[in-house]
Every structure is written in structure tokens, then in C-alpha cells.
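Peer 1: Dropping the structure in here first, questions after.
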Amino acid sequence: MTPTTDLLPALAQKVGTPFWIYDAELLRKRIADIQYITSTPGVHARFAMKSCPATKVLKEMHAAGIGIDAVSGNEVLRALAAGYPGGQEPAQVCLTCDVFRDNALDVVLKHNVLPNIGSPGQIQDLAKAGYKGGISIRLNPGFGHGHVNACDTGGPSSKHGIWFEDFTKIAEQAKAAGFPIYMLHAHIGSGPQFDELVENLTRLAEEYAELVPQLPDLRAVSLGGGIPHNYRDPSAKVPLDRLKDLFANCHALLCKAAGREIRLEIEPGRYYVAPTCDLVARVTDIKETQNNEKGSGVKFAMVDAGFVDLVRPAMYGSFHRITVIPQDGADRPLEPIVVAGPLCESGDVFTRDDQELLQPRQLPSPQAGDLLVLHDAGAYGYAMSSNYNSIGKAPQLWLEKDGTVEMISRRETLEDLLKAECSEAV
Ligand code: LLP
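Just so we're aligned, residue 1 is where the sequence shown starts under full-length UniProt numbering, counting upward by one.
Printed below as a string of C-alpha cells:
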């Protein structure tokens, strides 16, 4: 979103810093983009809610007729609480988890959401629990793409899914357990290269086309998520026409291979939400180190947000655009700055652009009291925030088209953090 220089200081005054702010209209634009690329009859979209599970966002998705890909029992329950139905014909909520932990199996049984299984043991888990229903099988097609290795979810270095070569075995296991295979699924990762994505998804559809004729119960095939967002250039556009054509062609290919209708699904996360939320922090101080190992000092802008809020730079070296909003409204000259947070690790810096820790960025000379905006933090932002250093999560604000602002989650307090502590005999 674009920071409005009058709105953000006023909000900072009211709710304190740091805080997250969503742009509802921009989210609706992103939803409309996805609706466009899935407008071919037989092509459908889900939302990978792990990227941003706020109820307010889920309700927008539900109202737009977009399904859900959940990753835990609690995510399924959050989707149901936001208005999604359980059930499997077709499944509006699909549970893609590598392991059934906590309440996941109970939730599948109780709400009959479609389990998307990625290992043979999960079929046994379902059978033992007395599950009756269809399943989806997550495949590892042998290739993937990611902005870092950790986000490349296909190929030999990925733990995800069943290899195509092992598909016959798992299909037999599913048959013996009495579970019809309703869906085939793969998510190959979250990479920045659009052409690579198109190439990979085309290849994936071709691999699926070999399997679908053997699967009489099959209703759907999912190509997963991974539509990129350009974190560097807000004016860069994903070629939506190419995606629309790609999905139409994949759908046609699969229907032809099966000799009947097969629904084609996609489940992006990042594309819907990445640009729709910013993290706003306050500059608390400016300080300089003496010489570092490269012989020059570094100027730090200390801010009150840290990787407990937005972990992507510290975790992956991810780039997020930064805007400084000077308290006095004055123009400031650019200078190289490292933006750093309050946490107890030197990795708590936001100006990263790869694995290097200290990468000063040219910013309009920040001063204590200024606001600093970290852009494009809507995907895997609040969703990955933590309570490290006993810090409560920052509040989330929701900006509507008419300018009204609603707080959709408040700042966590110490009481919130201590809620699960107990002293119970076991
Ligand atoms: N489907 C499945 C099964 C997934 O695991 C994911 C993301 C998606 C869809 C959505 O992928 P997207 O469209 O958002 O690329 N924390 C990392 C990203 C991890 C992605 C995990 N899975 C980050 O901040 O970049």
C-alpha cells in the first residue's frame, strides 16, 4: 500500500507503534486478479491461508467464492469460524499437512474437510481413526522453485509429497483403506521467476495427465500456489493473461486425458496479500558503530519493530521496501542506513537483501521520532510473527476504502503471553 503521510502518524498516536495496516481495497483488487485468471469454467481458486489467516481476510475470500487451503487443524477451524462450510462435494476447505498433529485428525473427522496427504503413514492414521471419505494426494513432481531453498517445495531436497514413481503404491494403499482419490495436488514452491513458474506448472500438468486416466474417482487437480510478487518494484505486474491461458490449457489437457470434467485448482497465498499490508514502526534512535570488518562504520536507525514482527528479512534475507516518514515533514538527504530492531540478536535488521547481515540502504536520513514503513508485509508477515523476547504481537489495523480504520487484533499483553502457563500434575 502507499503510506498516507497524514494518516499513519495519527494512527501511530492512537494505537502506538509498531502496528500493521491492511488496505482493504487493494486486497479486493488482488482477489479480482485471481478471479480473472480462474474465470475459465472448470478452473477454481483457493487461498493458502497460512500466508495471512486474519478472520477479516478470510471473510473477504469467502465472500468472493474462493476456497481455502489450510495447513493445521486450527487453520481449518479458523476458516469454518469465518463462514466456510466443511464437507467434500466439492471441498471448500482442504487440509494440506505433512503430519496430523494436535487436533488435525479430529477436525478432519468432525468436519469432513478433504485431507491432502503427503505420506503413506497419513493414510494409516486416517484408517485407524475410522475416517470415511475421499482423500487428496500431494505429489512431489521431482522439481520445484523457491526464492530460497526452504521455500522450494519440490524435488529431492524437499520433504513434501509422494514421488510420482511411488504413486501406484500409494493409490493401492488408499484403495485398500477404502479412500477414493478425489484430488491430486502439488505445490512446487514460492519462487520469484514468472517464466520458471509457467514452465514448471506446464510440466506438472503434463505429469498429472499421465495419472488421471487411472483414477475413476478423481474430481480435481491442484497446481498449488507460487504466483510471485515483486517486492522491489511496486509497479511491476504479473502477466495475468498468460496465467489465465496457462490454467485454461492445463484444464483442457487434464479433461482430455481423463475423458471427462476434471476441476483445475490453484491456491496462491502471497499474490493475494503481500502488498496489502505494511508494518509501521517508530525510529527510536540513530547511532553509529566504529569500524566494521570492512573498515567503515555503519549508521543504524533503531526502530521499535523487530523480527518478532516481520521475520522474512532475518529468516530468508528477504528484501522489503522501506519508506521513512519524517516527523517534521522535511525533505532529507539520502544516506546509507541499516535499520535494526529491539531484539537480542544482531540478525534483527530489516535492510537485508540476501544472506549478508549488514547491508546499508540509501534512505532519507531518518531521525528519532520518524515513522518507518516496511512495505509488502501482508504475506507471511503477521502470520509468522512470534513472542520471542516476551514481546506481544503488534495490533492489526484495517483501512477501508472510505478512510475508516478498524482495529482487527489488539496489541498482545503480558497476560496473553502467560495464558497457557500452568502448574498441573501430569
Ligand atoms: N500451497 C501450499 C501447500 C503451500 O505450502 C503454500 C506455501 C502455498 C500453497 C502458497 O504459496 P504462495 O502462493 O504464497 O507462494 N514463509 C515463506 C513462504 C512459505 C510458503 C509456504 N507454503 C515466505 O515468507 O516467503
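Just so you know, even glycine gets a beta-carbon here, dropped at the ideal spot from N, CA and C.
(1) Starting from the Cα of methionine 302, find the closest Cα among Leu95, Tyr272 and Ser365 and give me that residue.
(2) Return the chain-ordered list of same chain residues with a C-beta closer than 7 Å to the C-beta of histidine 62, the five sequence neighbours on each side being excluded.
(3) Note down the Cα distance separating histidine 44 from serine 386, rounded to an integer number of angstroms.
(4) Quick check: the Cα distance between glycine 86 and valine 113, rounded to an integer number of angstroms?
(5) The beta strand (DSSP E) with tyrosine 22 in it runs from where to where?
(6) Buried or exposed for lysine 393, please, with buried defined as at least 16 other CB atoms from any protein chain shown within 10 angstroms of its CB.
(7) Indicate, with yes or no, if the ligand LLP has a heavy atom lying under 7 Å from the CB of lysine 50.
(8) Going by CA-CA distance only, name the one from Val15, Ser318, Gly130 and Glu400 that's closest to residue 468.
(9) Could you compute how far the alpha carbon of proline 216 sits from the alpha carbon of proline 234?
(10) What is the DSSP secondary structure of glycine 121, counted as helix, strand or coil?
(11) Expressed to the nearest angstrom, what Euclidean distance is found between the alpha-carbon atoms of glutamate 345 and proline 228?
(12) Cα-Cα, which of Leu310, Ala383 and Leu363 is closest to threonine 323?
(13) Under a three-way DSSP split, which group does isoleucine 273 fall into?
(14) Would you kindly work out how many angstroms separate the C-alpha atoms of isoleucine 135 and glutamate 207, rounded to a whole number?
(15) Using only CA atoms, which one of Leu126, Asp370, Thr351 and Val280 lies nearest to aspartate 331?
(16) Take every Cβ of the region 335–343, pair it with every Cβ of the region 247–262, and state whether three or more of those distances are shorter than 8 Å.
(17) If you reduce the DSSP assignment to three classes, tell me which class glutamate 424 lands in.
(18) With a cut-off of 8 Å on the beta carbons, I'd call leucine 211 and leucine 223 a contact; round off their distance for me.
(19) Output needed for glutamate 412: all residues of its chain with C-beta closer than 7 Å, excluding positions within five of it in sequence on either side, in chain order.
(20) Under 8 Å Cβ to Cβ from leucine 109, same chain only, skipping five residues before and after it: list those, please.
(21) How big is the Cα-Cα spacing for glycine 144 and glutamine 367?
(22) Taking the continuous beta strand (DSSP E) assigned at cysteine 94, which residues delimit it?
(23) Below 7 Å, is the gap between the Cβ of proline 268 and the nearest heavy atom of the ligand LLP?
(24) Quick check: what's the CA-CA separation for proline 53 versus leucine 7?
(25) Within 10 Å of its beta-carbon, does glycine 189 have 16 or more other beta-carbons around it, so buried, or fewer, so exposed?
(26) Between glutamine 290 and chain D, is there a C-beta pair that is closer than 8 Å?
(27) Just to confirm the assignment, what range does the beta strand (DSSP E) spanning phenylalanine 47 have?
(28) Please tell me whether isoleucine 123 and histidine 185 are closer than 8 Å, where the distance is taken between their beta carbons.
(29) Given a cut-off of 8 Å, decide if leucine 201 and aspartate 33 are closer than it, judged by their beta-carbon atoms.
(30) For asparagine 140, which residues does DSSP report across the bridge?
(31) Heavy atom of the ligand LLP less than 7 Å from the Cβ of cysteine 151, yes or no?
(32) Could you give the residue range of the beta strand (DSSP E) that holds proline 364?
(33) Report yes if the CB atom of threonine 379 is closer than 8 Å to the CB atom of glycine 269, and no otherwise.
(34) Looking at the strands, I want to know which residues DSSP matches up with phenylalanine 300.
(35) Can at least three beta-carbon pairs, one atom from the region 271–286 and one from the region 68–80, be found at a separation below 8 Å?
(36) Could you check whether the Cβ of histidine 44 sits closer than 7 Å to any heavy atom belonging to the ligand LLP?
Peer 2: Taking the geometry as given:
(1) Ser365
(2) Closer than 7 Å at Cβ, skipping near neighbours: Ala82, Gly83 and Tyr84.
(3) 33 Å
(4) 5 Å
(5) 19–23
(6) When all chains shown are included, lysine 393 counts as buried.
(7) yes
(8) In this structure the chain extends from 1 to 426, so residue 468 is not present and cannot be described.
(9) 45 Å
(10) helix
(11) Distance between the alpha carbons of glutamate 345 and proline 228: 30 Å.
(12) Leu363
(13) This sequence places valine at residue 273; isoleucine is not what is there. Three-state DSSP puts valine 273 in a helix.
(14) One C-alpha to the other measures close to 19 Å.
(15) Asp370
(16) The answer is no - the region 247–262 does not touch the region 335–343, with fewer than three Cβ pairs under 8 Å.
(17) coil
(18) Contact doesn't hold; Cβ gap of about 14 Å is too wide.
(19) Correct list, in chain order: Gly392 and Lys393.
(20) Ala129, Gly130 and Tyr131
(21) 43 Å
(22) 93–96
(23) yes
(24) 25 Å
(25) Buried.
(26) Protein chains in the displayed structure number just one, and chain D is not present.
(27) 43–48
(28) no
(29) no
(30) Paired residue(s): Trp163.
(31) yes
(32) 361–364
(33) The residue you asked about is not threonine; residue 379 is alanine in the sequence shown. Yes. Within cutoff.
(34) Lys287 and Val338
(35) no
(36) no
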